[in-house]
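Keeping their order, the protein sequence lines are chains A and B.
When we follow this note's numbering, the leftmost residue of the first sequence carries the number 79, and every step to the right adds one.
When we follow this note's numbering, the leftmost residue of the second sequence carries the number 806, and every step to the right adds one.
All C-beta atoms, glycine included, are put in the ideal place defined by N, C-alpha and C.
Source: prediction; values computed, not measured.
Remarks on the structure that follows.
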Amino acid sequence: MGSDAKQLRNRIKSVDSTMHLTRAMGLVASSKIRRATEAMTKSRRYAEAFTQAMDILASSGECKKSPYLEQRDTGRTRLIVIAGDRGLAGGYNANVFRFLRDYPDAELIPIGKKACDKYHGEFYSAEHFTPDEASGMAKKLCDDFASGEYDRLGIVYTGYVSVMTQETRVKWVLPLERKPGVKSTGMIFEPDEMTVLNYAVSEYVTGILVAAVRESFASEVAARRCAMDAADKNAQVMIDELSLAYNRARQGAITQELIEIVAGSGS
Amino acid sequence: MKTYKLVVASPDGNLYDGQAINLSLRGADGDLAIMAGHTPFITSVKPGKCTIETEDGEIREGAIEGGLLVVSGSEVILLSSGFSWKE
Chain A
79 MGSDAKQLRN RIKSVDSTMH LTRAMGLVAS SKIRRATEAM TKSRRYAEAF TQAMDILASS
139 GECKKSPYLE QRDTGRTRLI VIAGDRGLAG GYNANVFRFL RDYPDAELIP IGKKACDKYH
199 GEFYSAEHFT PDEASGMAKK LCDDFASGEY DRLGIVYTGY VSVMTQETRV KWVLPLERKP
259 GVKSTGMIFE PDEMTVLNYA VSEYVTGILV AAVRESFASE VAARRCAMDA ADKNAQVMID
319 ELSLAYNRAR QGAITQELIE IVAGSGS
Chain B
806 MKTYKLVVAS PDGNLYDGQA INLSLRGADG DLAIMAGHTP FITSVKPGKC TIETEDGEIR
866 EGAIEGGLLV VSGSEVILLS SGFSWKE
């Protein structure tokens, strides 16, 4: 009985220290949520403004022949994969990797330590991703697209729906699509539509990419907070159960000892 | 002086968002300035100096690495991932 109680005490101690850890991680995540969602909103606004401008450009007649609007269907796909820098965020990273099973032939460009480790790419941090890094990446991707090295470019990221809900999605970036209903009449382009479009594409991809990384990071932090909250609750339940068992074992040991003493004095 | 709404947008937030009298920078075909009432216009921006005259006449200077300038009826948006103010 005595050793039983000791074992239980050790387990309670270890669960308790795990709980401290999950609680600390949860607190760090919740303090990061606000900053991450702010950064997300800002970059999203930029991406939206750029998308509007690109829609106008792509809708103009002269741009039809631009290499960036060319629909090719040989199916060579490049995907930018955005995962987290760290684990312990519930299903966040796993969901991204599971999503990629639908695209077994795609060439992958990872962002975030977890994705870079898995797909052996050059390391880019998801938390500290800079527009400069995005711009370098975007330029190369646009040049490769124009020279026909691949046929479509997508970004696999995790959309931030709310603190409780995140959703893994793919956003197709290239080739550009002509949106019906957008008109460029009356707009003056300098020097001309095609040049402006071809020039702006890499900036556009940069904007979209930064927005996707910021959104994914906000999702990561939110997912981590939820996971840590749940872990915290589970640990508490475990501690309660173990404490009960421990007290019972302690009580049992005392009773046993008393019985032994009484039995000894009676003989 | 007549003013118009000017937004200098970058992926990490708006670097300028307010009324302005004049914006001058280098476009694809050369230096240009935008004042209130400009016709709808889109151009790519070349790297160089960018000067904004704010509502109260203050001149603010910055450097731009490239981007896109969109002048629509209601506002002027300068989209750039490489814009920084002069210290």
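> So, does the CB of residue 869 (chain B) fall closer than 9 angstroms to a CB anywhere in chain A?
Replying inline: As a working mapping, residue 869 (chain B) is identified with position 64 in the second sequence. So no, residue 869 (chain B) is outside the interface.
>> Does chain A have any CB closer than 9 angstroms to the CB of residue 823 (chain B)?
In response: By one-based count along the second sequence, residue 823 (chain B) stands at place 18. No, its Cβ sits nowhere closer than 9 angstroms to a Cβ of chain A.
>> If I follow the unbroken beta strand (DSSP E) through residue 806 (chain B), where does it start and stop?
In response: Taking the first residue of the second sequence as 1, we reach residue 806 (chain B) at position 1. Per DSSP, residue 806 (chain B) belongs to no beta strand (DSSP E) and is neither H nor E.
> Name the chain A residues that come within less than 7 angstroms of residue 881 (chain B), Cβ to Cβ?
Replying inline: Numbered from 1 along the second sequence, position 76 holds the residue referred to as residue 881 (chain B). Within chain A, no residue comes near residue 881 (chain B); the closest Cβ sits about 11 angstroms away, beyond 7 angstroms.
> Taking Cβ positions only, does residue 288 (chain A) come closer than 9 angstroms to chain B?
Replying inline: Counting from 1 along the first sequence, the entry for residue 288 (chain A) is found at position 210. Cβ-Cβ to chain B under 9 angstroms: yes for residue 288 (chain A).
> What are the complete alpha helix (DSSP H) segments, minimum 4 residues, inside the segment 175-224 of chain A?
Replying inline: 191-197, 209-224
> What does a CB cutoff of less than 8 angstroms around residue 143 (chain A) pick up in its chain, not counting 5 residues either side in sequence?
Replying inline: Counted from its first residue, the first sequence places residue 143 (chain A) at position 65. Correct list, in chain order: 272.
>> Between which two residues does the alpha helix (DSSP H) holding residue 331 (chain A) run?
In response: Start at 1 with the first residue of the first sequence, and residue 331 (chain A) comes out as number 253. 271-344 is the extent of the alpha helix (DSSP H) around residue 331 (chain A).
>> Suppose the cutoff is 7 angstroms on Cβ atoms and the five residues either side in sequence are ignored; what does the same chain contact list for residue 869 (chain B) look like?
In response: Residue 869 (chain B) sits at position 64 when you count from the first residue of the second sequence. Correct list, in chain order: 830, 850, 852, 853, 855, 885, 887, 888.
>> For chain A, check one thing: does any of its Cβ atoms lie closer than 9 angstroms to the Cβ of residue 852 (chain B)?
In response: As a working mapping, residue 852 (chain B) is identified with position 47 in the second sequence. Judged by the 9 angstroms Cβ criterion, residue 852 (chain B) is not in contact with chain A.
>> I need the straight-line Cα distance from residue 286 (chain A) to residue 237 (chain A), nearest angstrom please.
In response: Here residue 286 (chain A) is taken as the residue at index 208 of the first sequence, counted from 1. Here residue 237 (chain A) is taken as the residue at index 159 of the first sequence, counted from 1. Approximately 13 angstroms between the Cα atoms of the pair.
> For residue 115 (chain A), is the classification buried or exposed, using 16 other Cβ atoms within 10 angstroms of its Cβ as the cut-off for buried?
Replying inline: What you label residue 115 (chain A) is simply residue 37 of the first sequence in a count that begins at 1. By the neighbour-count rule (16 or more Cβ atoms within 10 Å), residue 115 (chain A) is buried.
> In whole angstroms, what is the alpha-carbon distance linking residue 202 (chain A) and residue 179 (chain A)?
Replying inline: In the first sequence, residue 202 (chain A) corresponds to position 124, counting from 1. In the first sequence, residue 179 (chain A) corresponds to position 101, counting from 1. Cα to Cα, the separation comes out at about 22 angstroms.
> By how many angstroms is the C-alpha of residue 216 (chain A) removed from the C-alpha of residue 167 (chain A)?
Replying inline: Along the first sequence, one-based indexing puts residue 167 (chain A) at 89. Along the first sequence, one-based indexing puts residue 216 (chain A) at 138. In a straight line, the C-alpha of residue 167 (chain A) is about 28 angstroms away from that of residue 216 (chain A).
>> Is residue 891 (chain B) a contact residue of the ligand GDP, with contact defined as CB to any heavy atom under 8 angstroms?
In response: This structure does not include the ligand GDP; it has no bound ligands of any sort.
>> Check whether the segment 143-154 of chain A and the segment 253-271 of chain A are in contact - that is, three or more C-beta pairs closer than 8 angstroms.
In response: yes
>> Please state the DSSP three-state secondary structure of residue 139 (chain A).
In response: Translated into positions along the first sequence, residue 139 (chain A) becomes position 61. Residue state, collapsed to three classes: helix.
>> For a test of the three-state rule: what should DSSP assign to residue 815 (chain B), helix, strand or coil?
In response: Along the second sequence, read from residue 1 onward, the residue named residue 815 (chain B) stands at position 10. Strand at residue 815 (chain B).
> For residue 229 (chain A), which of helix, strand or coil comes out of DSSP?
Replying inline: Taking the first residue of the first sequence as position 1, residue 229 (chain A) is located at position 151. Reduced to three states, the DSSP call for residue 229 (chain A) is coil.
> Which stretch, first to last residue, makes up the beta strand (DSSP E) that contains residue 246 (chain A)?
Replying inline: Reading the first sequence from its first residue, position 168 is the one you call residue 246 (chain A). 244-252 is the span of the beta strand (DSSP E), which, as asked, contains residue 246 (chain A).
> Leaving out the 5 sequence neighbours to the left and right, which residues in its chain are closer than 6 angstroms to residue 866 (chain B) when beta-carbon positions are compared?
Replying inline: Taking the first residue of the second sequence as 1, we reach residue 866 (chain B) at position 61. Only 856, 891 meet the Cβ criterion.
> Does residue 819 (chain B) get closer than 9 angstroms to chain A when you measure Cβ to Cβ?
Replying inline: Working through the second sequence from its first residue, we reach residue 819 (chain B) at position 14. It does: the Cβ of residue 819 (chain B) has a partner Cβ on chain A nearer than 9 angstroms.
> Mind checking whether residue 882 (chain B) and residue 874 (chain B) have CB atoms under 9 angstroms apart?
Replying inline: Working through the second sequence from its first residue, we reach residue 882 (chain B) at position 77. Working through the second sequence from its first residue, we reach residue 874 (chain B) at position 69. Yes, they are a contact pair.
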